[in-house]
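*Asks:*
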Amino acid sequence: LAKTTQPISMDSYEGQEVNITCSHNNIATNDYITWYQQFPSQGPRFIIQGYKTKVTNEVASLFIPADRKSSTLSLPRVSLSDTAVYYCLVGDRKAAGNKLTFGGGTRVLVKP
Amino acid sequence: DTAVSQTPKYLVTQMGNDKSIKCEQNLGHDTMYWYKQDSKKFLKIMFSYNNKELIINETVPNRFSPKSPDKAHLNLHINSLELGDSAVYFCASSQRRGGNNEQFFGPGTRLTVL
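Structure, rendered in C-alpha cells:
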C-alpha cells in the first residue's frame, strides 16, 4: 500500500510557478499518480494524472522521474483563485488491489 | 445538474443518536466511495462499492454501515454517534473501480456531534 508524503503548506505570489512534490517510495508497478485540488467547503476535484515521465493539461503539469518514487505537480503562473489544498493520490488500477490513499495534502496560499 | 449530491449538507446531533447521510450520483458510474475528512484535512477512505458490492472496507467502527440500494446511491448510517465522529464526510464516484479512475466528489456533509 503506497503511502504518500507532501509538504504541509506552501506560500506563493500571483504570477509565480508553484511546484509541489509528493513522495511515494513504495509505489507499486500498477499504481497511477493522481492530484486533486480542494477549495474550502467543497469536495476535491481532479487536476491531473500520470504514470511516468511528464503529463500536461490546461491546468497543470505532472513530472514523474524514472524511479516513480516521487512526483511533482507544477502550477504555472498561479492566481489568487489557486489557493487551495492539493492532494497526491497513489492508486492501484488492478481490481483486486483497490486501495486508495490520499496524503495529508499541501495547503497552497497565493498572495497578491 | 449536480453530478454527485449528498444530503444533508449539515448535520448537528447529540451523542448516542443514530443518523444517516445519503449520496446519489447521476453520472452512470459503477463505483462509489465514502471518505472522512477530519479537522486536519486528512482524507481517509472508509468504504467503496462497485455495482452494489462492497469492495473496500477500511478499519472503521462497526457503528458505520454503508448501504447501496442501487449503483447510483450509497448511503451511510451511523449508530450511537460519538464526539470523534465529528468531521466532514464526502461521497465520491468513479466510472470504474481502480485507483487510476478519476473520482467525482460530492459537496460534503459536515457532521457535528455534541
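Top to bottom, those sequences are chains A and Z.
First residue of the first sequence? That's 96 in this note's numbering, and the numbers climb one at a time after it.
First residue of the second sequence? That's 39 in this note's numbering, and the numbers climb one at a time after it.
The beta carbon of each residue, even a glycine, is placed where N, CA and C say it ideally should be.
Show which residues of chain Z have a CB atom less than 9 angstroms away from the CB atom of Asp126 (chain A).
*Replies:* Residue mapping note: residue 126 (chain A) aligns to position 31 of the first sequence, counting from 1. In chain order: Gly137 and Asn138.
*Asks:* To which residues does DSSP link Met84 (chain Z) through a beta bridge?
*Replies:* As a position in the second sequence, residue 84 (chain Z) is number 46, starting the count at 1. Paired residue(s): none; Met84 (chain Z) is not in a bridge.
*Asks:* Going by Cα to Cα distance, which pick from A:Gln101, A:Gln111, A:Thr99 and A:Pro102 is closest to Val173 (chain A)?
*Replies:* On the first sequence, position 78 is the one that residue 173 (chain A) refers to. Checked all of A:Gln101, A:Gln111, A:Thr99 and A:Pro102; the closest Cα to Val173 (chain A) is A:Gln111.
*Asks:* If you compare alpha carbons, which of A:Ser104, A:Thr99 and A:Lys98 is closest to Leu204 (chain A)?
*Replies:* Working through the first sequence from its first residue, we reach residue 204 (chain A) at position 109. Leu204 (chain A) has its Cα closest to that of A:Ser104, out of A:Ser104, A:Thr99 and A:Lys98.
*Asks:* Could you name the residues of chain Z that Gly199 (chain A) contacts, counting a contact when the two beta carbons are closer than 8 angstroms?
*Replies:* Here residue 199 (chain A) corresponds to residue number 104 of the first sequence, with the count starting at 1. Those within 8 angstroms of Gly199 (chain A) in chain Z are Lys78, Lys79 and Phe80.
*Asks:* Kindly indicate which residue of Z:Leu152, Z:Arg135 and Z:His111 has the alpha-carbon position closest to the one of Ala41 (chain Z).
*Replies:* As a first step, residue 41 (chain Z) must be located in the second sequence, where it is residue number 3. Among Z:Leu152, Z:Arg135 and Z:His111, the Cα nearest to that of Ala41 (chain Z) belongs to Z:His111.
*Asks:* Taking the alpha-carbon positions, what's the Ile116 (chain Z) to Leu149 (chain Z) distance?
*Replies:* Sequence index remark: in the second sequence, residue 116 (chain Z) carries index 78 (1-based). Sequence index remark: in the second sequence, residue 149 (chain Z) carries index 111 (1-based). The alpha-carbon atoms of Ile116 (chain Z) and Leu149 (chain Z) are separated by roughly 11 angstroms.
*Asks:* Suppose you measure from the CA of Gly146 (chain Z) to the CA of Glu96 (chain Z); what does that come to, to the nearest Å?
*Replies:* Within the second sequence, numbered from 1, the residue matching residue 146 (chain Z) stands at position 108. Within the second sequence, numbered from 1, the residue matching residue 96 (chain Z) stands at position 58. One C-alpha to the other measures close to 19 angstroms.
*Asks:* Please check the pair Asp126 (chain A) and Gly137 (chain Z), which I expect to be a contact at CB under 8 angstroms, by giving their CB distance rounded to whole angstroms.
*Replies:* Locating residue 126 (chain A) in the first sequence gives position 31, counting from the first residue. Locating residue 137 (chain Z) in the second sequence gives position 99, counting from the first residue. Indeed, because the Cβ distance is near 7 angstroms, the residues count as touching under 8 angstroms.
*Asks:* Which complete beta strand (DSSP E) runs does the segment 65-120 of chain Z hold, if anything under 3 residues is left out?
*Replies:* Whole beta strand (DSSP E) segments, 3+ residues: 69-75, 81-88, 91-95, 102-108 and 111-116.
*Asks:* By the three-class DSSP mapping on this structure, what secondary structure does Gly122 (chain Z) have?
*Replies:* The residue you call residue 122 (chain Z) lines up with position 84 of the second sequence. Gly122 (chain Z) falls in the helix class under three-state DSSP.
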